[in-house]
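Protein chains in written order, with the numbering used here: chain A, 1 to 241; chain B, 242 to 482. Okay, so here's the structure we're looking at.
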């Protein structure tokens, strides 16, 4: 058993949007950076796994945001792993300013063998995992499993150089950008918080064309990103408060 | 008179491209961040100017890159101002790993009155400036003044939420992304260094459509970015080594 770890940050100018608050993509970026750092410190980071040709893949994420922190705010992110099974590991986040929780997240990860492109049975890492687990419940409900939508509108654009990471796959955070770039900007400017659920299904490659489709009903927006081969890449749902 | 200031950084995962080296946009981002921090420390940062409704605007930039540093490399950036006149101030950069200069830059800035949108006569700040000047020549020749091109090819796309800064203008670094996204990816993957000159002419607003046009001849690529009103926003030239 372990305890919750906390990581301090100052919100940098390159992480705020035109409202001078951290964008949702930046909030998620801070959380994912903490996931990488904390996994590394606890002995199951990407570096340790690469000895086995294994890597972490984010499969689902839920984030509940009350307040987007302002530029130069000092925040802390608490993180802990509280569940794992053969195919999935759950890592949690609380973003705080002092004692005030401004955002919380739950992420589900699977482990991929990069040679076979197959999921790895994580019970292989049971010993390391059991030492790293924290007996603290997730701060919000687990990410929803999202279903197909019938898009009311869509936009398309090719995958470009600045979208891709070292696998030549579209970077996870770029999907968040694509989703928020599709929303009416007034909704982002005047939001009073939101819950976002995302399912990552497949990876887009350099040269493919992405289509972002969406529907909206009241304060709920649903998104689906697919590639020109018809492959579904990502589904998301935002419920504004 | 002052002396050259140096700022250390470690190249972070979010600043590397698919080759695991810092992208050119990231190298420029590190330099521009240093410009902001150093101006602040010397008493003429954006915060000090906002008392006068003034802000800094980058008008031209030249960067000569020998080596793009790898992820987790420890770099240092030297910066100094060595020239100013009524309308323009020159700030220089050397990016080093140890004593080895891997990239160098020269930037020219003007000061804008945000209320009148007119350039400010910088001799008003003569006293602060003279204390901050360093008697050290620029590390490379000044940014070229670039002329119109006849594009051989072009792509267009709208300005979106994730492109804009607090003025609702397209962020400077996004122009660098748009330029590199237009290059054949093999040229980025296998480059042996380059010199980049950029002229920033006007600002694009949320809702406008950007067109990126280019020509290439041998190892020289020229770019021009305009908005749907026909307004020229930016010209650039890359000469690969």
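Think of the CB as a built atom: it goes at the ideal place given N, C-alpha and C, for glycine as much as any other residue. All figures in this text were calculated on a predicted structure; none of them were measured in a lab.
Short CB-CB distance (under 8 Å) between residue i and chain E
i	result
residue 269 of chain B	No chain E is present in this structure, whose protein chains are A and B.
Strand pairing of residue i, partner residues [DSSP]
i	result
residue 22 of chain A	A:16
residue 457 of chain B	B:462
residue 496 of chain B	Here chain B covers residues 242 to 482 and nothing more, so residue 496 of chain B does not appear.
residue 451 of chain B	B:398 and B:468
residue 239 of chain B	This structure cannot speak to residue 239 of chain B, because chain B is shown only from 242 to 482.
residue 248 of chain B	B:318
residue 162 of chain A	Paired residue(s): none; residue 162 of chain A is not in a bridge.
residue 332 of chain B	B:322 and B:348
residue 376 of chain B	The partner list for residue 376 of chain B (beta bridge, DSSP) is empty, contrary to what the question assumes.
residue 232 of chain A	A:226
residue 240 of chain A	A:194
residue 360 of chain B	B:353
residue 205 of chain A	A:169
residue 96 of chain A	A:76 and A:101
residue 441 of chain B	B:475
residue 311 of chain B	B:262
Beta-carbon gap between residue i and residue j smaller than 8 Å
i	j	result
residue 256 of chain B	residue 267 of chain B	yes
residue 204 of chain A	residue 227 of chain A	yes
residue 93 of chain A	residue 116 of chain A	no
residue 153 of chain A	residue 214 of chain A	yes
residue 104 of chain A	residue 139 of chain A	yes
residue 97 of chain A	residue 65 of chain A	no
residue 464 of chain B	residue 428 of chain B	no
residue 89 of chain A	residue 11 of chain A	no
residue 295 of chain B	residue 271 of chain B	no
residue 237 of chain A	residue 220 of chain A	yes
residue 375 of chain B	residue 245 of chain B	yes
residue 251 of chain A	residue 71 of chain A	Past the boundaries of the shown model lies residue 251 of chain A; chain A is included only from 1 to 241, so the question cannot be answered.
residue 170 of chain A	residue 159 of chain A	yes
Presumed contact (8 Å Cβ cut-off) between residue i and residue j, rounded CB distance
i	j	result
residue 173 of chain A	residue 28 of chain A	7 Å
residue 284 of chain B	residue 369 of chain B	5 Å
residue 243 of chain B	residue 372 of chain B	7 Å
residue 332 of chain B	residue 322 of chain B	5 Å
residue 476 of chain B	residue 440 of chain B	5 Å
residue 146 of chain A	residue 197 of chain A	6 Å
residue 259 of chain B	residue 157 of chain A	Not quite, the Cβ-Cβ distance comes to about 18 Å (not below 8 Å), so this is no contact.
Practice task
Could you name the residues of the region 158 to 172 of chain A whose beta carbon sits closer than 7 Å to any beta carbon of chain B, in the order they occur along the chain?
Solution key: Within the region 158 to 172 of chain A, the qualifying residues are 160, 161, 162, 164, 165, 166 and 168.
Problem - Interface positions of the region 49 to 65 of chain A facing chain B (Cβ-Cβ less than 8 Å), listed along the chain - result: Residues of the region 49 to 65 of chain A with a C-beta less than 8 Å from any C-beta of chain B: none at all.
Exercise for the section: Report yes or no: do three or more beta-carbon pairs, one from the region 159 to 168 of chain A and one from the region 187 to 207 of chain A, lie closer than 8 Å? Expected result: When C-beta atoms of the region 159 to 168 of chain A are compared with those of the region 187 to 207 of chain A, three or more pairs fall below 8 Å, so the two segments count as touching.
Handout entry: Segment contact flag, the region 102 to 118 of chain A with the region 55 to 64 of chain A, C-beta cutoff 8 Å, min 3 pairs
Key = Here the region 102 to 118 of chain A makes contact with the region 55 to 64 of chain A; the two share three or more CB pairs at distances below 8 Å.
Exercise for the section: Evaluate contact between the region 122 to 136 of chain A and the region 85 to 97 of chain A, counting only Cβ atoms and requiring at least three cross-stretch pairs below 8 Å. Expected result: Segment contact: the region 122 to 136 of chain A against the region 85 to 97 of chain A, three or more CB-CB distances shorter than 8 Å; contact assigned.
Exercise for the section: Indicate whether the contact test is met: 3 or more Cβ pairs, each with one atom in the region 26 to 36 of chain A and one in the region 414 to 422 of chain B, closer than 8 Å. Expected result: Flag = no, the region 26 to 36 of chain A and the region 414 to 422 of chain B do not touch.
Problem - the region 428 to 451 of chain B: positions lying closer than 9 Å to chain A by Cβ - result: Within the region 428 to 451 of chain B, the qualifying residues are 429, 447 and 448.
Exercise for the section: Below 9 Å between beta carbons is the criterion; list the residues of the region 6 to 23 of chain A that meet it against any residue of chain B, in chain order. Expected result: Result list: 12, 13, 14, 16, 17, 18, 19, 20 and 23.
Practice task
Could you name the residues of the region 75 to 107 of chain A whose beta carbon sits closer than 7 Å to any beta carbon of chain B, in the order they occur along the chain?
Solution key: Contact residues of the region 75 to 107 of chain A toward chain B are absent (C-beta to C-beta distance below 7 Å).
Practice task
Using a Cβ-Cβ cut-off of less than 7 Å, give me the residues of the region 172 to 183 of chain A that come near chain B, in sequence order.
Solution key: From the region 172 to 183 of chain A, only 177, 180 and 181 have a Cβ closer than 7 Å to chain B.
Handout entry: Contacting positions in the region 375 to 401 of chain B - beta carbon closer than 8 Å to chain A
Key = Residues 398 and 401.
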